[in-house]
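Peer 1:
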Amino acid sequence: MSLVSLVSLVSLVSLVSLVSLVSLVPLVPLAPLVPLPEPRPVSRTRGTPSERVHVRPVEATATPSPDASGASYLAHAGAETISVFGDGQRLRLERSGSVDAGRPGKPSLWNLSPTAAPGLMQLQWLGPCSGMPETDELLAALQAGFGLHPDAQAIELPLPRLPPGLRDSIATVQPGQAPCVARSVLWQQPLWLPRPRPPYALHYTLTEGRRHPARLHKPRGEVYRRFIPWLGRTLSFRTVEPEADLPLIHRWMNDPVVAHFWEESGDLAHHRAYLQRMAGDPHALGLIGCLDGEPFGYFEAYWAKEDRIAPFYDAGDHDRGWHALVGEARFRGQPYLTAWLPSLSHYLFLDDCRTQRIVVEPRADNRKMRKSLPRCGYALVKEFDFPHKRAVLGVLLRERFFADALWIPQTDAAAPDALDASTQ
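Numbering that gives the first Met the number 0 applies: residue 0 is where the sequence shown begins, and numbers increase by one.
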């Protein structure tokens with residue numbers, strides 16, 4: 000037998016043996032293929048339980064337009080709003096306008112990270128180009144940093160140099176260390192005022208026998224704007240337009256809950272006369288509170304030195320006071336009160352940097368307000384008698400408001416009875 004024949008025979012025998020062996024092994028059916036589940040979107044939260052903020056990660060794809068939904072925070076620099084996108088660490092800032100002067104269409108990128116020191120964060124600028132960030136962008140990034148990290152007390156800025164003016168106004172600079180901005184200092188800047196006004200020169204006048212500083216003319220239009228993280232909405236105060244706002248005030252004053260404390264129910268003529276008196280009173284300012292532009296309440300701010308409260312305590316030259324009513328029932332309750340009450344205090348402190356105290360005098364039997372005021376920093380000092388009501392005097396110090404960051408809801412403010420419609 001030739002060698003080729005022998006090899007062919009061996010190959011044939013091997014093949015037959017292999018087929019026979021395979022036929023002896025039972026076949027096991029394969030399990031059906033199961034599709035993998037869709038990946039779940041990841042959401043992150045930042046802040047304390049009382050100021051929890053839902054934020055979305057920074058996308059590496061197309062940049063949303065400045066008015067697109069999904070911003071983690073809205074920062075304000077005067078009349079301009081800057082949208083902040085990010086996960087609390089990597090931030091992308093976009094201007095609300097369609098054109099960014101100097102860098103049209105380019106967002107500003109930042110990285111926010113904790114440091115070894117308790118309460119100290121570090122904010123790094125990532126571009127988009129060489130040089131220095133714009134001043135309003137830096138201020139917006141600082142606002143977002145403190146807003147997304149309510150426990151942070153200061154933010155470090157490892158920049159080669161600060162934008163003009165910031166070194167002497169908000170930053171603390173120690174030899175050999177990066178500039179640092181304290182939370183209490185940033186929140187005393189008039190960033191939340193669309194048109195900040197300088198303090199009026201000090202000179203005195205008399206009103207009904209009371210000597211007090213002459214006051215700057217009353218503002219008109221929007222006077223304050225602030226993003227509220229736990230509501231995801233922007234709260235603002237604007238001045239009252241007596242005729243345009245008359246139907247609104249008329250309806251609110253006749254609400255039974257409001258009327259119980261304010262005692263100003265009546266017809267349109269009564270409320271028209273009321274608003275006209277307020278408009279002509281140089282010591283008082285009527286305001287409408289809005290959430291995303293929707294009116295929800297009426298507020299009166301006043302200078303305490305020339306107000307009826309002055310005889311009942313040692314009123315300072317620049318002390319302010321306020322009254323409030325929440326006319327829309329759906330905006331009553333703890334989440335809204337912890338938005339408008341500290342914001343109103345904040346506005347009054349920013350309106351004149353010389354204001355050191357804010358006072359209130361609700362009715363002594365207003366149980367809900369008596370519980371809510373201390374949670375917003377007001378000390379209840381005493382009860383006293385006006386001709387028309389028995390009142391309790393509440394006082395808020397400027398130092399305490401900013402040092403204790405009282406614009407952040409206090410953890411004990413979640414009590415279900417922290418509700419109110421009025422401070423009268």
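From the three backbone atoms N, C-alpha and C, an ideal C-beta is built for every residue, glycine too.
Determine the direct distance from the alpha carbon of Ala300 to that of Ala323, and round the result to whole angstroms.
Peer 2: Those two C-alpha atoms are separated by around 9 Å.
Peer 1: What residues are listed by DSSP as bridge partners for Ala181?
Peer 2: Note: Ala181 sits in a beta bridge opposite Ala153.
Peer 1: Between Arg224 and Trp251, is the Cβ-Cβ spacing less than 8 Å?
Peer 2: Not in contact: Arg224 and Trp251 (Cβ atoms no closer than 8 Å).
Peer 1: Could you tell me which residues DSSP puts in a beta bridge with Lys381?
Peer 2: According to DSSP, Lys381 bridges with Leu392.
Peer 1: Hey, how far is the Cα of Leu427 from the Cα of Gly144?
Peer 2: Residue 427 lies beyond the residue range present for the chain, which begins at 0 and ends at 423; the question has no answer from this structure.
Peer 1: Whole angstroms is fine: what's the gap from Asp313's alpha carbon to Gly85's?
Peer 2: Going by the C-alpha atoms only, they are around 48 Å apart.
Peer 1: If you drop the 5 nearest sequence neighbours on each side, which residues of the same chain put their C-beta closer than 7 Å to that of Ala338?
Peer 2: Counting only Cβ-Cβ distances below 7 Å, and skipping sequence neighbours, we find Ile227, Leu230 and Leu234.
Peer 1: With a 10 Å radius around its C-beta and 16 neighbouring C-beta atoms as the bar for buried, classify Ala510 as buried or exposed.
Peer 2: Because the chain spans 0 through 423 in this model, residue 510 falls outside it and cannot be assessed.
Peer 1: At which residues does the alpha helix (DSSP H) containing Ser342 begin and terminate?
Peer 2: Unbroken alpha helix (DSSP H) run through Ser342: Gln333 to Asp350.
Peer 1: Does Ile308 come out as helix, strand or coil in the three-state DSSP assignment?
Peer 2: Ile308 falls in the coil class under three-state DSSP.
Peer 1: By DSSP, does Thr354 sit in helix, in strand, or in coil?
Peer 2: Coil at Thr354, not helix or strand.
Peer 1: Answer yes if the segment 347-361 comes into contact with the segment 177-189, meaning at least three C-beta pairs across the two stretches below 8 Å, and no otherwise.
Peer 2: Yes: at least three Cβ pairs fall under 8 Å.
Peer 1: Tell me whether Phe298 is buried or exposed, calling it buried when 16 or more other Cβ atoms sit within 10 Å of its Cβ.
Peer 2: By the neighbour-count rule (16 or more Cβ atoms within 10 Å), Phe298 is buried.
Peer 1: Less than 8 Å between the beta carbons of His148 and Met131, yes or no?
Peer 2: No.
Peer 1: So what does DSSP say about Gln88, is it helix, strand or coil?
Peer 2: Three-state result, Gln88: coil.
Peer 1: Strictly by DSSP, which residues pair up with Gln121?
Peer 2: Gln121 is bridged to Ser112 and Glu155.
Peer 1: In this structure, how does DSSP classify His322 when only helix, strand and coil are distinguished?
Peer 2: Here His322 sits in strand by DSSP.
Peer 1: For Glu240, which of helix, strand or coil comes out of DSSP?
Peer 2: The answer is coil: DSSP assigns Glu240 none of H, G, I, E or B.
Peer 1: Excluding the 5 residues flanking Glu382 on each side, which residues of the same chain have their C-beta closer than 8 Å to its C-beta?
Peer 2: Excluding sequence neighbours, Glu382 sits near Ala363, Arg389, Ala390, Val391 and Leu392.
Peer 1: Count the other CB atoms, across all protein chains shown, that sit within 10 Å of the CB of Thr171; report buried if there are 16 or more and exposed otherwise.
Peer 2: The residue is exposed, with fewer than 16 neighbouring Cβ atoms inside 10 Å.
Peer 1: Can you tell me whether DSSP reads Tyr72 as helix, strand or coil?
Peer 2: Tyr72: strand per DSSP, three-state reduction.
Peer 1: Give me the DSSP bridge partner(s) of Gly296.
Peer 2: DSSP, once it has assigned bridges, lists Gly288 and Val325 as partnering Gly296.
Peer 1: Taking the beta carbon of Pro212 as the centre, do at least 16 other beta carbons fall within 10 Å, making it buried, or is it exposed?
Peer 2: It counts as buried.
Peer 1: Using the three-state DSSP reduction, which class does Ala213 fall into: helix, strand or coil?
Peer 2: Ala213: coil per DSSP, three-state reduction.
Peer 1: In the DSSP assignment, what residue or residues form a beta bridge with Pro93?
Peer 2: Before going on, a small fix: residue 93 reads as Glu here, not Pro. Ser82, per the DSSP bridge assignment.
Peer 1: Where does Arg307 land, buried or exposed, given buried means 16+ other C-beta within 10 angstroms?
Peer 2: Looking at its Cβ environment, which holds fewer than 16 other Cβ atoms inside 10 Å, Arg307 is exposed.
Peer 1: Rounding to the nearest angstrom, what Cα-Cα distance links Ser112 and Arg210 in this structure?
Peer 2: About 52 Å.
Peer 1: Starting from Tyr273, trace the alpha helix (DSSP H) both ways and give me its first and last residue.
Peer 2: First-last of the alpha helix (DSSP H) with Tyr273: Leu267 to Ala278.
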